Structure formats: structure tokens, C-alpha cells
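Notes for the one structure printed next.
2 protein chains.
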Amino acid sequence: MEKRFTRYASIIDRQSKSYYDRALKEYKIGCGQQFFLLWIYESPGVPLTVLSEQGRFDKGTTTKAVQKLKQLGYIRSEQDEKDKRMQKLFVEEKAIPVVEKIYAVREKINSLLSTGFTKEEEALAGIILKKMSENAGTYLTENK
Amino acid sequence: MEKRFTRYASIIDRQSKSYYDRALKEYKIGCGQQFFLLWIYESPGVPLTVLSEQGRFDKGTTTKAVQKLKQLGYIRSEQDEKDKRMQKLFVEEKAIPVVEKIYAVREKINSLLSTGFTKEEEALAGIILKKMSENAGTYLTENK
DNA sequence: ATAATATAGTTGGGTATGCAACGAATTTTG
DNA sequence: CAAAATTCGTTGCATACCCAACTATATTAT
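Residue numbers (this note's numbering), protein chains in the order written: chain A, 96 to 239; chain B, 96 to 239.
Following this line, the structure appears as C-alpha cells:
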């Protein structure tokens with residue numbers, strides 16, 4: 096059978112991004128910030144490196160997303176006392192409505208993506224995609 | 096269960112793109128052209144609109160990828176006689192080694208992505224991802 | 001302790017991509 | 001048939017992203 100995993104992943108990713116962009120426009124952020132804002136919300140004080148690792152983003156990408164969130168006043172950073180290179184990130188009050196909106200949009204997108212799936216298929220999809228993304232991180236990267 | 100389909104799709108897509116970029120560097124193309132070159136190879140005379148639809152790419156994205164392939168001499172276009180707006184696309188001899196390379200890389204990526212999968216899981220992954228990408232095209236887009 | 005290495009984060013540059021506005025050709029409508 | 005609407009493709013602009021080079025701080029090795 097012809098496998099076309101990447102083609103499907105690409106379509107899912109692009110369409111989801113476009114949906115996020117439309118849904119978050121009113122908050123002045125795009126698809127590129129949602130992941131980071133929620134992660135900071137869920138892990139107060141998280142440093143940039145951890146964000147990069149968790150999303151498998153380049154450090155530069157993470158820096159720029161974080162800068163945008165900071166400019167908008169949605170997060171703030173504190174320098175770590177012990178390691179002065181490290182910035183600990185926190186969500187600001189102002190961002191709470193945005194966080195809630197992102198959760199809702201994420202939920203919506205994920206349920207639209209699994210339209211017509213049985214409960215079993217949906218669970219299986221989660222497991223398979225997780226495994227595949229782990230493989231991507233392990234076997235498709237240059238280093239490691 | 097918490098669904099995170101988009102996160103996984105995003106990682107798979109980004110890592111695959113990076114792999115394509117590294118693997119195709121010697122041919123002066125990047126991840127953004129592989130889909131189009133193969134499709135033109137498999138469907139001689141295909142117009143730009145069909146490429147856009149099949150990959151669910153924006154028309155502008157398709158135009159730019161096609162322009163790059165043309166500049167490199169990998170494809171040529173012919174104006175349709177009946178409908179003068181339409182460009183029919185064809186692969187040039189020069190591109191054959193590139194086409195073969197892309198097939199090999201695609202195969203490699205897809206097999207790396209399914210590392211550790213049973214035959215059943217692999218087949219299931221294809222079915223589920225296909226379905227999900229169709230849902231993305233149907234339910235996540237603005238129009239239609 | 002000092003030199004070599006490693007790590008956190010930033011920056012500059014390039015590619016991929018979507019979106020909106022456009023021009024040209026075609027089709028549909030009244 | 002002429003005007004309006006649609007369709008094919010292009011272009012300009014903006015965002016997301018990776019990569020490589022860099023600074024500053026921290027850690028390890030000699």
C-alpha cells in the first residue's frame with residue numbers, strides 16, 4: 096500500500112493553522128502562539144528551552160513567539176536567580192480570556208478533525224499520531 | 096481523553112519538511128516543491144488548479160512552487176489551446192533523477208514515521224490520517 | 001583557577017505558506 | 001449580444017518556521 100503520512104499531516108496542519116488564525120484574530124495572535132501560551136499557562140515558570148523541546152520547535156521560533164506574547168502583555172518573564180541565562184515565563188491576568196478561547200478552539204478543531212470517527216477510531220488516532228510524532232522527533236532529526 | 100491531533104500533525108509535518116530539505120538540497124529544491132514535482136510527473140499536463148486542490152494548497156503557494164521548478168528547468172508549461180488561461184504542466188528529462196530521489200526520500204520518511212508499528216497499525220494509520228485530512232479539508236476551511 | 005565546552009536565549013536570513021487584490025480569459029445572465 | 005459573474009493564474013504582503021552564527025552565562029576538564 097502506498098503510504099502518504101506526510102501529505103496527510105501537512106494538510107491537517109495547514110488547515111488547522113488557518114482555522115486558528117481566523118479564530119484568534121480578535122486577540123491579535125495567530126496560530127503560532129497558541130501552543131506556547133497554553134503551555135506557559137499550564138506550567139508557570141517554564142523556561143524557553145522546555146517549550147522548544149515539548150513542541151519540537153527551533154529555539155528561534157520559540158523566542159519569537161514568546162516575544163510576541165510578551166509585547167501583547169499576555170505573558171511576562173523573570174530571570175532565574177540561580178542561572179541568569181534562564182527566563183522563567185508566566186501568564187498574565189490579561190491573557191485568561193485568550194487562554195480560554197484557545198482551549199475552546201483546540202477542542203473544536205480536534206472534534207471536527209475526528210468527525211465520523213467511532214470512539215475507538217478516535218482513541219486509536221490519538222495513540223497512532225502520538226507514536227508517529229515521537230518517531231518524527233527521534234528518527235527524522237539531524238542530530239540525536 | 097485529551098485529544099491533541101494538531102500538535103502531533105504539526106510535529107510530523109515540521110520534522111518531515113526538515114528531512115526533505117536536507118535530502119533534496121543537492122538538487123536545489125526544498126520541501127515545498129516535492130509534492131508538486133511528483134504530481135506533475137504522475138499527471139502530465141495537469142493544470143495549476145488541480146495541483147492546488149489535490150494538496151489543498153493556496154493558489155499562490157502552488158504558483159510559486161511551480162515557478163521555482165520551472166526556473167530550475169525541471170518542468171515546462173504549455174498554454175491550453177481551448178482555455179488560454181490554463182497552463183498545462185510537464186516534467187522535463189532533467190528532473191527524472193530528482194523525481195526518483197523524491198520517491199526514495201518519501202518512502203524513507205514514511206517508513207521511519209511508522210517505526211515500531213505492526214502491519215495493522217501501519218495500515219490503520221494510513222486510513223485514519225487520510226480520513227482526518229479529508230475532514231480538515233471539509234470542516235476547517237472558511238468557504239464550503 | 002583557567003581554559004575549553006556546553007547551554008539559554010537572540011538575531012538575521014531564507015523558505016513555505018495563506019490571504020487578498022488583481023488582470024486576463026471564459027461563462028453565465030438578462 | 002453586452003454586462004455580470006466566475007475562473008485561472010500572478011503578485012504583494014504578512015506570518016511561521018528552520019538554520020546558522022552569535023552573546024552571555026555556566027559547567028567541566030586540565
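Ideal Cβ positions, reconstructed from N, Cα and C, are used throughout, including at glycine.
This structure is a prediction, so every number in the text was calculated from the model and none was measured.
Closer than 8 Å by beta-carbon distance: list the chain A residues that pair up with B/Leu133, in chain order.
As a working note, residue 133 of chain B is residue 38 in the second sequence. Those do not exist, as B/Leu133 stays about 10 Å from chain A at its closest Cβ, beyond 8 Å.
How far does the alpha helix (DSSP H) with B/Lys229 in it extend, from its first residue to its last?
Stepping through the second sequence from its first residue, residue 229 of chain B is reached at position 134. First, the residue type needs correcting, since residue 229 of chain B is Glu and not Lys in the sequence shown. Here the alpha helix (DSSP H) through B/Glu229 covers 214-234.
Flag this pair as touching only if the region 117-132 of chain A and the region 153-160 of chain A have three or more C-beta atom pairs under 8 Å; answer yes or no.
yes
Delimiting residues of the beta strand (DSSP E) encompassing A/Phe185
The residue given as residue 185 of chain A occupies position 90 in the first sequence. A/Phe185 -> beta strand (DSSP E) spans 182-186.
Along chain A, in chain order, which residues have C-beta atoms closer than 7 Å to that of B/Ser138?
Numbered from its first residue, the second sequence carries residue 138 of chain B at position 43. The premise fails here: B/Ser138 is roughly 15 Å from chain A at the closest Cβ pair, so nothing lies under 7 Å.
Rounded Cβ spacing between A/Ile107 and A/Leu208 (contact assumed at less than 8 Å)
Translated into the one-based positions of the first sequence, residue 107 of chain A becomes position 12. Translated into the one-based positions of the first sequence, residue 208 of chain A becomes position 113. Correct: roughly 7 Å between the Cβ atoms.
For A/Arg102, tell me which candidate among B/Tyr136, B/Gly155, B/Val145, B/Arg201 has the shortest Cα-Cα distance.
For this step, residue 102 of chain A is matched to residue 7 along the first sequence. The option with the nearest alpha carbon to A/Arg102 is B/Arg201.
Can you tell which of A/Lys154, A/Lys123, A/Met181 has the C-alpha that lies nearest to the C-alpha of A/Gly140?
As a position in the first sequence, residue 140 of chain A is number 45, starting the count at 1. Comparing Cα positions, the closest option is A/Met181.
I need the DSSP call for A/Pro192, collapsed to helix, strand or coil.
The residue given as residue 192 of chain A occupies position 97 in the first sequence. The answer is helix: DSSP assigns A/Pro192 an H, G or I state.
In three-state DSSP terms, what is B/Lys239?
On the second sequence, residue 239 of chain B is found 144 positions in, with the first residue counted as 1. Summary for B/Lys239: the model assigns pLDDT 40, below 50, so the residue's position carries little reliability, and this model does not support an answer.
If you follow the beta strand (DSSP E) that B/Glu173 is part of, which residue opens it and which one closes it?
What you label residue 173 of chain B is simply residue 78 of the second sequence in a count that begins at 1. Unbroken beta strand (DSSP E) run through B/Glu173: 170-174.
Under DSSP, the alpha helix (DSSP H) around A/Asp116 begins and ends at which residues?
Position 21 of the first sequence, counted from the first residue, corresponds to residue 116 of chain A. Segment 100-119, the alpha helix (DSSP H) holding A/Asp116.
Distance, A/Asp116 Cα to B/Ser105 Cα:
Start at 1 with the first residue of the second sequence, and residue 105 of chain B comes out as number 10. Start at 1 with the first residue of the first sequence, and residue 116 of chain A comes out as number 21. Near 15 Å, if we compare the C-alpha coordinates of A/Asp116 and B/Ser105.
Under 8 Å Cβ to Cβ from B/Ser147, same chain only, skipping five residues before and after it: list those, please.
Translated into the one-based positions of the second sequence, residue 147 of chain B becomes position 52. Only Asp153, Lys154, Thr156, Thr157 meet the Cβ criterion.
Closest by CA to B/Glu173, which one among B/Phe185, B/Gly232, B/Gln166?
Along the second sequence, one-based indexing puts residue 173 of chain B at 78. Cα-wise, what sits closest to B/Glu173 is B/Phe185.
Among residues of its own chain, excluding the 5 on either side of A/Lys165, which ones have a beta-carbon nearer than 8 Å to its beta-carbon?
As a first step, residue 165 of chain A must be located in the first sequence, where it is residue number 70. Contacts found: Arg171, Ser172.
Could you check if A/Ala199 is buried or exposed, using at least 16 other CB atoms within 10 Å of its CB as the buried criterion?
By 1-based counting over the first sequence, the position of residue 199 of chain A is 104. That one is exposed.
Rounded C-alpha distance that separates A/Tyr122 from A/Val194
Residue numbering aside, residue 122 of chain A sits at position 27 when the first sequence is read from its first letter. Residue numbering aside, residue 194 of chain A sits at position 99 when the first sequence is read from its first letter. So the alpha carbons of these two residues sit roughly 10 Å apart.
Going by C-alpha to C-alpha distance, which of A/Phe212, A/Lys179, A/Tyr136, A/Leu224 sits closest to A/Ala190?
Against the first sequence, residue 190 of chain A aligns to sequence position 95. With distances taken between Cα atoms, A/Ala190 lies closest to A/Tyr136.
Can you tell me where the alpha helix (DSSP H) with B/Ser147 in it begins and where it stops?
Against the second sequence, residue 147 of chain B aligns to sequence position 52. That run of the alpha helix (DSSP H) goes 143-150.
If you follow the alpha helix (DSSP H) that B/Lys179 is part of, which residue opens it and which one closes it?
To locate residue 179 of chain B, count along the second sequence from 1; it is residue 84. Note, B/Lys179: premise wrong, no alpha helix (DSSP H); not H, not E.
Please classify A/Lys112: is it buried, with 16 or more other beta-carbons within 10 angstroms of its beta-carbon, or exposed?
What you label residue 112 of chain A is simply residue 17 of the first sequence in a count that begins at 1. Label assigned to A/Lys112: buried.
Where the alpha helix (DSSP H) containing B/Ile135 begins and where it ends
Taking the first residue of the second sequence as 1, we reach residue 135 of chain B at position 40. Note, B/Ile135: alpha helix (DSSP H), 126-137.
With a threshold of 7 Å between beta carbons, is A/Lys225 in contact with chain B?
Residue mapping note: residue 225 of chain A aligns to position 130 of the first sequence, counting from 1. Chain B, which has a Cβ nearer than 7 Å to the Cβ of A/Lys225, makes this yes.
Using a beta-carbon distance below 7 Å, is A/Tyr234 in contact with chain B?
Counting from 1 along the first sequence, the entry for residue 234 of chain A is found at position 139. Yes, contact with chain B.
Are the C-beta of B/Tyr169 and some C-beta of chain A separated by less than 7 Å?
Reading the second sequence from its first residue, position 74 is the one you call residue 169 of chain B. Not an interface residue.
For B/Gly168, collect the residues of the same chain with a Cβ closer than 7 Å to its Cβ; drop the 5 residues on either side in sequence, then sort them by chain order.
Numbered from its first residue, the second sequence carries residue 168 of chain B at position 73. Here the set comprises Glu187, Lys189.
Relative to chain A, which residues along the region 167-192 of chain B have a C-beta separation below 8 Å, given in chain order?
none
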